[in-house]
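Numbered by the numbering used here, the letters in the sequence shown go through residues 198 to 443 in order.
Every residue gets a Cβ at the ideal spot worked out from N, C-alpha and C, and that includes glycine.
Since we're looking at a predicted model, the values are computed, not measured.
The structure appears right after this line, and notes come after that.
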Amino acid sequence: MGVLRTVANFVFGMECLGCGSSSERLDPWLCPACAAELVRESCSPKFPNDDAFCLFPMRPLTRKLVHALKYRNIPGLASYLVRHSSAVKQGMVAQELLMLAQPLYFVPVPLHRARYRERGYNQAELLAAALATATEGKVCRWLKRKTFVVSQTKLSKEEREVNVAGAFVANFPRKMPTRGTVVVVDDVFTTGATTSACMAAFGTEFPLPLKVCTLIYDEPASAAADFAADCRADWDGFRRIRNAEV
Ligand SMILES: [Zn+2]
């Protein structure tokens, strides 16, 4: 049996997405050691600002998993990661989410149509669905992507701002709910530029509170810390305007 499993692992590529070992006890993506590490990493969720929760920090293991979710055609990893987040099950994120005005409307950051066609799914939408299942919330596709946005990862601070600002427009239903909280969902929070652009699309008169939840917080390195501070300042400014007008 062991030999057969090893052969199957070799032929079908069934190896741990974390360490690459062909463990016989994959669950089905991680070996027991990597699965335990994943749960440990989710014990201290990150809060990049007052309105944003992130389930996992960016670490070698979580980096591999989010990469697999986005580029290795493994959509099932979205619900797997949310389910394995102790932050969602019993930790601070769950508490934070439950303290918000209910129900929760999870709004995924939309992918551009071309990228959706290429990938076959929007990972933010899958994460939103998993979060909605965990909190009895709803998935609402209330945002549309306006322009094609090239990958943010290789751009400078200025290029990122230009690239993503104004990239989203609201796509609200005729009858909007009058109570509850909107939670914008994305895979990775780095500088907050993408989610800030999403918040802006809701407009300053949107009546419900807006929050952000992402799978991973990619804490800015010291070189990028200034940019993050700028983004936070923009964010705070935006909140002040909203709070003043609401
Ligand atoms: Zn492993």
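- So Thr391 is in the alpha helix (DSSP H); what residue range does that whole segment cover? Ala390 to Phe399
- Keeping to the same chain, check which residues put their C-beta closer than 8 angstroms to that of Leu258; ignore five residues upstream and five downstream. Gly215, Cys231, Glu234, Leu235 and Glu238
- With which residues is Lys335 paired in a DSSP beta bridge? Tyr302
- Quick one: any contact between the segment 382-400 and the segment 216-225, if contact means 3 or more CB pairs under 8 angstroms? no
- Message: Tell me which residue opens and which closes the beta strand (DSSP E) that Arg342 is part of.
- Response: Leu340 to Arg342
- Query: Can we say the segment 321-333 touches the segment 266-286, given the rule of at least three CB pairs closer than 8 angstroms?
  - Reply: yes
- Three-state secondary structure assigned by DSSP to Cys231: helix
- Query: Would you report the Cα separation of His264 and Val409, rounded to the nearest angstrom?
  - Reply: 21 angstroms
- Could you have a look at Pro406 and say whether DSSP puts it in helix, strand or coil? coil
- Item | Nearest residue (CA-CA) to Ile413, options Leu308, Pro245 and Glu212 | Pro245
- Pick from Phe369, Glu333 and Ala249 that is closest to Trp175, judged by C-alpha positions: Nothing can be reported for residue 175: it is not among the residues displayed for the chain, which extend from 198 to 443.
- With a 10 Å radius around its C-beta and 16 neighbouring C-beta atoms as the bar for buried, classify Tyr302 as buried or exposed. buried
- Item | Euclidean distance between Cα positions of Ala331 and Arg314 | 28 angstroms
- Residues passing the C-beta test against ligand 1 heavy atoms, cut-off 6 angstroms: Cys213, Gly215, Cys216, Ser218, Leu227, Cys228, Ala230 and Cys231
- Starting from the C-beta of Gln299, find all residues in its chain whose C-beta is less than 7 angstroms away, skip the five residues before and the five after it, and write them out in chain order. Gly377
- Query: Do Ala321 and Phe365 have their CB atoms nearer than 7 angstroms?
  - Reply: no
- Message: Looking only at its chain, what residues have a beta carbon closer than 6 angstroms to the beta carbon of Cys337, apart from the 5 residues adjacent to it on each side?
- Response: Tyr302 and Val304
- Item | Per DSSP, cross-strand counterpart(s) of Val379 | Tyr302 and Leu407
- Message: Our contact map puts Pro254 next to Lys267 with C-beta atoms below 8 angstroms; I'd like the distance itself, whole angstroms only.
- Response: Not really, about 18 angstroms apart at Cβ, beyond 8 angstroms.
- Check the C-beta distance from Lys343 over to Gly317 and give it rounded, since I have them as a contact under 8 angstroms. 22 angstroms between Cβ atoms; not a contact.
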